[in-house]
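Scroll down for the structure; my scribbles are underneath it.
Numbering (the UniProt record's numbering), first residue to last: 1 to 308.
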């Protein structure tokens with residue numbers, strides 16, 4: 001049987017380039033082991049020309065951050081009529097914009113934290129909401145630019161209005177939810193398992209605890225009651241479908257069980273390009289469900305299409 005020629009798109013020029021290189025190389029190696037003909041494409045501004053000449057059967061999108069997961073590269077692949085993995089143009093753009101994704105999720109009854117979107121300079125002198133709250137860029141991933149403002153902080157974080165800030169003028173301010181960090185992967189139309197992320201030596205699940213070995217501990221499956229476990233799976237699938245995701249996605253949640261077992265469960269966001277590094281969550285959750293890394297990637301390649 002003829003195995004497809006897969007172009008693995010990696011690298012790119014967002015602040016998440018190192019993560020994408022790690023994800024992309026891990027995927028390329030595994031796909032080669034599965035017998036696919038693989039070409040690694042380090043994505044530059046000439047990616048349209050490179051792919052038009054290469055003419056792969058499938059583009060495996062291992063890019064992270066702006067351009068790679070906001071609908072832009074997806075539009076280029078549609079234009080070139082190259083089938084690709086993960087979500088399409090609209091779902092990618094929607095999920096990348098935290099404000100709009102939250103709006104869609106809320107409309108279908110998914111519980112979200114109260115939030116407002118403001119210009120970063122407007123919060124220089126006074127709190128935009130009662131602390132504790134979280135400030136995050138509207139269009140970034142991998143916890144870039146996330147700042148947690150604690151209850152006892154008398155003024156807003158100065159970094160956000162400073163010249164060092166590199167994450168755009170618009171930020172989302174969101175009520176801080178105490179509790180546990182839980183995540184659930186969706187593969188096609190099936191919600192896989194729920195995993196708990198326990199940061200090690202970090203106050204929250206930041207960039208280092210995501211990508212540095214030993215930065216976080218993953219409890220797969222998460223030790224929560226069966227009804228909470230099932231509720232998370234239901235909500236993850238609901239978010240995947242409402243936003244229009246395809247292939248594989250991962251929804252992140254906060255679960256505050258300090259006062260009761262039912263507690264407060266809040267959906268944070270859906271990630272349409274989840275990491276595929278050796279420390280990443282989706283490969284681990286898929287393995288727990290009986291899908292090896294190679295099987296998972298093969299499924300994604302065979303699932304690839306245009307007009308997603």
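Using N, Cα and C, we set each Cβ at its ideal position, and we do this for glycine too.
Since this is a predicted model, take the numbers as computed values, not measurements.
With a minimum length of 4 residues, the unbroken runs of alpha helix (DSSP H) contained wholly in the stretch 81-150 fall at 89-96, 98-107.
Counting of Cβ neighbours within 10 angstroms places residue 307 among the exposed residues, the total staying below 16. Where residue 183 is concerned, there is no enclosing alpha helix (DSSP H), although the beta strand (DSSP E) around it starts and stops at 180-187. Residue 151 and residue 157 have their alpha carbons spaced roughly 12 Å apart. With 16 or more other Cβ atoms inside 10 Å of its own Cβ, residue 139 counts as buried. Contact between the stretch 164-181 and the stretch 255-268 is established, with three or more Cβ pairs separated by less than 8 Å. Around the C-beta of residue 111, fewer than 16 other C-beta atoms lie within 10 Å, and the residue is accordingly described as exposed. Apart from the 5 residues on each side of it in sequence, residue 166 sits with its Cβ closer than 8 Å to the Cβ of 15, 145 in its chain, given in chain order. Shortest Cα-Cα distance from residue 113 to any of 266, 61, 91, 54 involves 266. DSSP, reduced to helix, strand and coil, places residue 49 within a helical segment of the structure shown. Annotation for residue 285: the continuous alpha helix (DSSP H) segment containing it runs 281-288. Under DSSP, residue 217 shares a beta bridge with 198. In this structure, residue 59 sits away from residue 187, with a CB-CB distance that is not shorter than 8 Å.
Judged by DSSP secondary structure, residue 158 falls outside any alpha helix (DSSP H); it is assigned neither H nor E. The beta carbon of residue 105 lies closer than 7 Å to those of 112, 239, 242, 267 in the same chain, with the five residues before and after it left out. If you draw a straight line from the Cα of residue 78 to the Cα of residue 52, it is about 12 Å long.
Using a 10 angstroms sphere on the CB of residue 193, the tally of other CB atoms reaches 16 or more, which defines it as buried. DSSP lists no beta-bridge partner residue for residue 69. In chain order, 6, 38, 297 place their CB closer than 6 Å to the CB of residue 31, counting only its own chain and leaving out the 5 sequence neighbours on each side. Just so you know, the alpha carbons of residue 91 and residue 100 end up roughly 11 Å apart. In this structure, residue 224 keeps its C-beta atom at 8 Å or more from the C-beta atom of residue 171. Going by C-alpha positions, residue 56 is about 24 Å away from residue 18. Annotation for residue 293: the continuous alpha helix (DSSP H) segment containing it runs 293-303. Residue 153 counts as exposed, since fewer than 16 other C-beta atoms from the protein chains shown sit within 10 angstroms of its C-beta. Boundaries of the beta strand (DSSP E) harbouring residue 271: 264-271, taken from the DSSP string.
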